[in-house]
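The opening residue of the sequence shown carries number 9 in our numbering; numbering runs sequentially from there. Accompanying notes for the structure given below.
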Amino acid sequence: MAKINKITKIRPLMYLVVIIGSIIVAFGNTVFLTPLDINAGGLNGLGIIVMNFCSESTKMIAYNVVIYALSIGLWALGYFLIGREFALKTLISTIVFPFATSLFTIIPGTKDFAEGITKVLLNYSAEPTIGTYLLFSLIGGVIVGFGVAITFIGGGSTGGVDVLTFIFEKYLNIKQSVASFFIDGTIVMLGLLILCPINAEKYLLPCLVGILSAAVTALMINIIYEVFQTVYQVDVISEHWEKVSKFAQDELGRGATIIPVKGGYKEQERIMVRIVLNKGQYDELKEYISSIDDRAFITITTTKAVLGEGFKANKKHGK
């Protein structure tokens, strides 16, 4: 019952994490990348390509239409290829991300707020310098990567082309950070091929720094997501092993494996409790053990992946 209650509490929190991550991505795109036409890939990069073929009065509308249309289309693709549960979380992003993009680009009030930040950072300069492009691409890449990683941690995505990274991971066993950089790089090259022949002087620099921004985004995803994905295998030898096992199952919602062991020196028979959990749960467990047995023998092993109940589903690709 305790485990069920914990899961019930965790799921709404995960959905909130996905919402926050989607808003962060929209903020990073619209405040730092879109104003300078920095194509760093993703739906934002595709929107930038399209809006540059529109008049000044309609470019933001066209940009948002691209975001909405592709978000919905890729969500449908994720539903069929990844699964219902993932699609539910991605549906949240499919709604929140385009809506947040609209807030920051065409809705009065929030649009003025976003533009105000951009203008302050540009120092109201009419002609941004190379340094300005580099600064905006780096900051934008960090913010977008942070937002994407947060949505991955929540078990969903920001929608859009990020759905493709999950498909790449599931069917091709390609890490999401690698897939993200590949997809974004392809969109950046598409921008170079389409926009530069029209006006190389205007579009070459934004596209080139977009490559840097895409690399920074992939790096941020890798750093943050991999840290949160790290799983700990904890082996505990203690006279109070029953309490440790009960705490892991009732309070942390994790299973415990009971293993009889024998010491090599005195050949004394003991009981070892093996528990697999995440970083936050490991800290809770360590604190609890120290409160009941300061002589407990604990070994910790980190691992990058655990398949099975409570962790990543143990399924064949395509199922």
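Glycine residues also receive a C-beta, built at the ideal position from the N, C-alpha and C atoms. It should be emphasised that the depicted structure is a prediction, and the values quoted were computed from it without experimental measurement.
Beta bridge counterpart(s) of residue i as assigned by DSSP
i, result
"residue 243", "282, 307"
DSSP state of residue i mapped onto helix, strand, coil
i, result
"residue 266", "strand"
"residue 277", "strand"
"residue 253", "helix"
"residue 52", "helix"
"residue 120", "helix"
"residue 137", "coil"
"residue 261", "coil"
"residue 218", "helix"
"residue 66", "coil"
"residue 238", "coil"
"residue 47", "coil"
"residue 302", "coil"
"residue 390", "Any question about residue 390 goes unanswered here, given that the chain covers just 9 to 327."
"residue 106", "helix"
"residue 205", "coil"
"residue 115", "coil"
"residue 327", "Model confidence at residue 327 stands at a pLDDT of 39, short of 50, so the residue's coordinates are unreliable and nothing is read from them."
"residue 91", "coil"
"residue 72", "helix"
"residue 230", "helix"
"residue 131", "coil"
"residue 37", "helix"
"residue 144", "helix"
"residue 289", "helix"
"residue 14", "For residue 14, the predicted model reports a pLDDT of 45, less than 50, meaning its position is unreliable; a value from the coordinates is still stated below. Residue 14 falls in the helix class under three-state DSSP."
Residue i and residue j closer than 7 Å at C-beta
i, j, result
"residue 29", "residue 155", "yes"
"residue 264", "residue 279", "no"
"residue 34", "residue 221", "no"
"residue 26", "residue 110", "no"
"residue 95", "residue 86", "yes"
"residue 151", "residue 106", "no"
"residue 236", "residue 308", "no"
"residue 77", "residue 58", "no"
"residue 39", "residue 140", "no"
"residue 196", "residue 146", "no"
"residue 306", "residue 251", "no"
"residue 3", "residue 184", "Outside the modelled stretch of the chain, which goes from 9 to 327, sits residue 3, for which no answer is possible."
"residue 114", "residue 68", "yes"
"residue 157", "residue 229", "yes"
"residue 108", "residue 206", "no"
"residue 44", "residue 214", "yes"
"residue 191", "residue 171", "no"
"residue 159", "residue 239", "no"
"residue 187", "residue 244", "no"
"residue 176", "residue 226", "no"
"residue 269", "residue 249", "no"
"residue 204", "residue 212", "yes"
"residue 83", "residue 66", "no"
The ligand SAH heavy atom lying under 6 Å from the CB of residue i
i, result
"residue 50", "Of ligands this structure carries none, so the ligand SAH is not represented either."
Cβ of residue i within 7 Å of any chain B Cβ
i, result
"residue 227", "Among the protein chains of the structure shown there is no chain B, as only one such chain exists."
Segments assigned beta strand (DSSP E), at least 3 residues, entirely inside the segment 155-199
none
Under 8 Å, with one C-beta from each stretch per pair, do the segment 285-296 and the segment 248-263 reach the 3-pair mark?
yes
Taking contact to mean 3 or more Cβ pairs, one atom from each stretch, closer than 8 Å, check whether the segment 209-223 and the segment 48-67 are in contact.
yes
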